[in-house]
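Working notes for the structure below.
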Amino acid sequence: MSKETDLEEIQHLRRLIARYEDLYRRKNAPEISDFEFDELVTRLGKLEGKYQEHAGPELGIGDDRSEGFQQRDHREPMLSLDNTYDEGDFRAFGERLQKALGTNDVDFVVEPKVDGVALSITYEKGRFVRAVTRGNGNRGDDVTHNIALIQSLPRELTDAPDLLEIRGEVYMELAEFQRLNAEREAEGEALYANPRNLAAGTVKLLDQVEARKRRLSVICYGLGACEPQAFASLSDFKRRLKDWGFPTRNDIPVQRGIEAAWKAVQQLDLLRRDLPFPTDGAVVKVDRLAEQQKAGRTSKFPHWAVAFKFPPDQAETILRAISMQVGRTGAITPVAELDPVLLAGSTVARATLHNADEIARKDIREGDTVRIQKAGEIIPQVLSVVLAKRPADSQPFNFEARLKELGLDAVRVGDEAAYKLRAPSRDMKIRRLVHFACKQCLDIDGLGDAVAEQLIDSKLVDAPVDAFKLNRGEWMMLDGFKEKSVDNIIAGLEQAKQRELWRAIHALGIPNVGMQTAKDLARHFKAMDALEAAKPSDLLHTKVGKKGGVSYESVISGVGVEVSESILSFFSDPNHRDWVQAMRAAGLNLVEAASTTAVTGIADKTFVLTGTLPSLGRDEARDLIEKAGGKVSGSVSKKTDYVVAGEEAGSKLTKAQELGVTILDEAGLRAILGN
Ligand code: IVH
1 MSKETDLEEI
11 QHLRRLIARY
21 EDLYRRKNAP
31 EISDFEFDEL
41 VTRLGKLEGK
51 YQEHAGPELG
61 IGDDRSEGFQ
71 QRDHREPMLS
81 LDNTYDEGDF
91 RAFGERLQKA
101 LGTNDVDFVV
111 EPKVDGVALS
121 ITYEKGRFVR
131 AVTRGNGNRG
141 DDVTHNIALI
151 QSLPRELTDA
161 PDLLEIRGEV
171 YMELAEFQRL
181 NAEREAEGEA
191 LYANPRNLAA
201 GTVKLLDQVE
211 ARKRRLSVIC
221 YGLGACEPQA
231 FASLSDFKRR
241 LKDWGFPTRN
251 DIPVQRGIEA
261 AWKAVQQLDL
271 LRRDLPFPTD
281 GAVVKVDRLA
291 EQQKAGRTSK
301 FPHWAVAFKF
311 PPDQAETILR
321 AISMQVGRTG
331 AITPVAELDP
341 VLLAGSTVAR
351 ATLHNADEIA
361 RKDIREGDTV
371 RIQKAGEIIP
381 QVLSVVLAKR
391 PADSQPFNFE
401 ARLKELGLDA
411 VRVGDEAAYK
421 LRAPSRDMKI
431 RRLVHFACKQ
441 CLDIDGLGDA
451 VAEQLIDSKL
461 VDAPVDAFKL
471 NRGEWMMLDG
481 FKEKSVDNII
491 AGLEQAKQRE
501 LWRAIHALGI
511 PNVGMQTAKD
521 LARHFKAMDA
531 LEAAKPSDLL
541 HTKVGKKGGV
551 SYESVISGVG
561 VEVSESILSF
571 FSDPNHRDWV
581 QAMRAAGLNL
591 VEAASTTAVT
601 GIADKTFVLT
611 GTLPSLGRDE
621 ARDLIEKAGG
631 KVSGSVSKKT
641 DYVVAGEEAG
651 SKLTKAQELG
661 VTILDEAGLR
671 AILGN
């Protein structure tokens, strides 16, 4: 290779890396795997090593700082880890260490590398004071507000050093990731790419209402500043973490010698798919702090630790066709239809292609052989095309032409990546109608998929509410409908008219408004008219900070920025207002039933719920209180009348005790409600 082409490649790599870093770190929308990213970085490192005199400015890989956050210095820098996928490199790391430390009996701690967001959590005089992201290693973003929502982090430590920086990773459990994505899918929203990006996005949410809905977890593994120094080894420190009640790995067997460490790494490779968090490797660290000191560090990496990364599961298969999936809200997602192939323990026949840009960038074509990947619980992804196997007659994929062929009249709005249907398609209309009638909405007996299809195809129904306008004769026109079945469906529709307000709200299919939010909205607004007429300030209170930063305070539980925007935009569409009008005209109940069980002495009393009650769920407890005429609030203040505390009640209970608020357990609550 000539020097010139090398230098060109350096420039090219630097641009690519900066772009992918931005997608991963700031947009939380990665387009390539970590594995491919690491390959680019390794390649750049090799080339730049050859031409040190041409070294460019630091690329700042890994800097997670974003706008709108207060930045804080770390007392001790948060270093990164050197990465390798190669056993030889790993052994070389061991040999270097043994030489530097002058012994073969080095003790190592081997842990899973948790794929989340690095965090430094500071305790002063034993009190939790703040949580800060890694940032550039020296200075990160203060995310205390969101980390404080994690119940498992102790607030107070007994016998703690005066200053303690605990290092850990905040992540999202795979089950929680799937739960949130299932919710998004049901609401017709774009899915999150992977748990790490969802965790990163959640940590940085300014909207606490939204943050509260997504459960983050944290695991602690490291020590930053500690004054006075109190530990001799990492394993010592981790035992203390456990005693203090921090979430940390239970088993920390110390491995003597690099061979034992390597065995532990391989063990982890076997175990990792059963762990509840996403992991992409193992971290191997020298246990004794004195030896860590002695081994030293570069400006970026310690010499005493290394990350051994497991390559993600990949497979090759043929992409037979690209199909278009239309969500309930009309967003179009291209999907790869694959020859089924076994990958990470399951058969994969479809993979997401994200959007039109992604297909163009990777030049993915029908008939191509593609490499697909599944890491963690990620929806399988098409990584790249195996060009050597491309058929001679292959044609670039024309996204817009395909939409046209399929009769999908779609446009791109603003700078959104997704195409959206201009008007609802047949499929959307069917899904909308099925949703409208489903068990969690108006629960219309007899109106399932098959009937919905017929209603839409026969043009008897366009908007879901049209189902209420059909007469006997029209129902009789449907396949398989006889006197009896028509009687049934008409009875089903009659019953549906009497259902609770929240069901009518949920039935509208407002993006981001799931069942729980519909209930919260019904409780708050008490009537569809009021919801329809809501102004932004009725949904959300805006606060402007001293420094001009804007933050939002929820008025309604479950309604943050995203949800309120959805609601406002939904009702700004005249078609949607017509639906509501038609629902009214059809005689649907659109008001919250007056509570019939008001209990004397409870009217307008304010309750706060905290912890887990033995038999009542949060919502049940809330319903009981509200039915009795009481109010439920999220935070304890002087105005709180009762705090209902269950197991693992946290700071709200402490605050209630401080303020002298009456504290009830479940039995006490039931007693005063006469339940
Ligand atoms: S130790 C001096 N242990 O990996 C290095 N890091 O690529 C201290 N990570 O920024 C890090 N799991 O966010 C350590 N068990 C673990 C880890 C872990 C995940 C992350 C951490 C760090 C990154 C380095």
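Counting in my numbering, the sequence shown runs without a single skipped number right up to 675 at its last residue. For glycine and all other residues, C-beta sits at the position ideal for the given N, C-alpha and C. Please read these numbers as outputs of a predicted model, since none were measured by experiment.
Which residue comes first and which comes last in the alpha helix (DSSP H) that contains residue i?
{"i": "Asp6", "result": "Lys3 to Glu21"}
{"i": "Glu169", "result": "Note, Glu169: premise wrong, no alpha helix (DSSP H); beta strand (DSSP E) at Leu163 to Tyr171."}
{"i": "Glu626", "result": "Arg618 to Lys627"}
{"i": "Lys50", "result": "Asp34 to Lys50"}
{"i": "Gly587", "result": "Looking at the DSSP string, Gly587 is not in any alpha helix (DSSP H), and its letter there is neither H nor E."}
{"i": "Lys213", "result": "Gln208 to Lys213"}
{"i": "Gly473", "result": "Arg472 to Met476"}
{"i": "Ser235", "result": "Leu234 to Trp244"}
{"i": "Ser485", "result": "Glu483 to Lys497"}
{"i": "Ala186", "result": "Leu174 to Ala186"}
{"i": "Ala199", "result": "Pro195 to Val203"}
{"i": "Arg402", "result": "Phe399 to Glu405"}
{"i": "Arg503", "result": "Leu501 to Ala507"}
{"i": "Asn146", "result": "Thr144 to Ile147"}
{"i": "Ala450", "result": "Asp449 to Asp457"}
Please classify residue i as buried or exposed, where buried requires at least 16 neighbouring CB atoms within 10 angstroms.
{"i": "Ile10", "result": "buried"}
{"i": "Tyr221", "result": "buried"}
{"i": "Glu648", "result": "exposed"}
{"i": "Val129", "result": "exposed"}
{"i": "Pro413", "result": "One detail in the question is off: residue 413 reads as Val in this sequence, not Pro. Classification of Val413: exposed, given that the 10 Å Cβ count is below 16."}
{"i": "Tyr51", "result": "exposed"}
{"i": "Met476", "result": "exposed"}
{"i": "Asp243", "result": "exposed"}
{"i": "Ile359", "result": "buried"}
{"i": "Glu658", "result": "exposed"}
{"i": "Val382", "result": "buried"}
{"i": "Leu433", "result": "buried"}
{"i": "Gln373", "result": "buried"}
{"i": "Gly201", "result": "buried"}
{"i": "Ala696", "result": "Missing from the structure shown is residue 696; the chain here goes from 1 to 675 and no further."}
Would you mind reading off the limits of the beta strand (DSSP E) that contains residue i?
{"i": "Phe334", "result": "Note on identity: in this sequence residue 334 is Pro, with Phe being the wrong assignment. Residues Ala331 to Leu343."}
{"i": "His607", "result": "Going by the sequence as given, residue 607 is Phe instead of His. Phe607 -> beta strand (DSSP E) spans Thr606 to Thr610."}
{"i": "Phe679", "result": "One cannot answer for residue 679 here, as it falls past the ends of the chain, which runs 1 to 675."}
{"i": "Arg130", "result": "Arg127 to Thr133"}
{"i": "Arg738", "result": "It is not possible to answer for residue 738, since the shown part of the chain is limited to 1 through 675."}
{"i": "Ala225", "result": "Ser217 to Glu227"}
{"i": "Val385", "result": "Gln381 to Val385"}
{"i": "Val254", "result": "Val254 to Arg256"}
{"i": "Ser633", "result": "Lys631 to Ser633"}
Provide the residue(s) that pair with residue i in DSSP beta bridges, ordered along the chain.
{"i": "Thr662", "result": "Tyr642"}
{"i": "Thr124", "result": "With the sequence shown as reference, residue 124 is identified as Glu, and Thr is not the correct amino acid for it. In DSSP, Glu124 forms a bridge with Arg127 and Leu163."}
{"i": "Ala463", "result": "Answer by DSSP bridge pairing: none, since Ala463 is not bridged."}
{"i": "Ala321", "result": "Glu337"}
{"i": "Glu316", "result": "Arg371"}
{"i": "Val326", "result": "Ile332"}
{"i": "Glu647", "result": "Thr612"}
{"i": "Val591", "result": "Ala527"}
{"i": "Glu156", "result": "Arg127"}
What are the complete beta strand (DSSP E) segments, minimum 3 residues, inside the stretch 267-301?
279-286
Going along the chain, which unbroken runs of the alpha helix (DSSP H) with 4 or more residues stay wholly within the stretch 516-582?
528-532, 536-539 and 561-571
Can you give, in chain order, each stretch of the beta strand (DSSP E) that sits fully within the stretch 61-119 and has at least 3 residues?
71-73 and 107-114
Along the chain, which unbroken stretches of the alpha helix (DSSP H) at least 4 residues long are found entirely within the stretch 346-379?
356-362
Within 8 angstroms, do at least three Cβ pairs link the stretch 276-296 to the stretch 308-322?
yes
Three or more beta-carbon pairs under 8 angstroms between the stretch 506-517 and the stretch 488-495, yes or no?
no
Jot down the residue ranges of each uninterrupted beta strand (DSSP E) in the stretch 410-439, minimum 3 residues, whole runs only, in chain order.
410-412 and 419-421
Is there contact between the stretch 131-143 and the stretch 92-112, where contact requires at least three CB pairs shorter than 8 angstroms?
no
Segment contact, 8 angstroms Cβ cut-off, at least three pairs: the stretch 385-396 with the stretch 363-376:
yes
Meets three-Cβ-pair contact criterion under 8 angstroms: the stretch 229-246 and the stretch 62-79:
no
At a cut of 8 angstroms, does the stretch 575-591 reach the stretch 524-539 through at least three beta carbon pairs?
yes
When you compare the stretch 103-114 with the stretch 254-261, are there three or more beta-carbon pairs, one atom per stretch, that lie closer than 8 angstroms?
yes
Given 8 angstroms, three or more beta-carbon pairs between the stretch 477-489 and the stretch 400-411:
no
Touching by the beta-carbon criterion (3+ pairs, under 8 angstroms), the stretch 632-641 and the stretch 605-613
yes
Given 8 angstroms, three or more beta-carbon pairs between the stretch 133-149 and the stretch 229-236:
no
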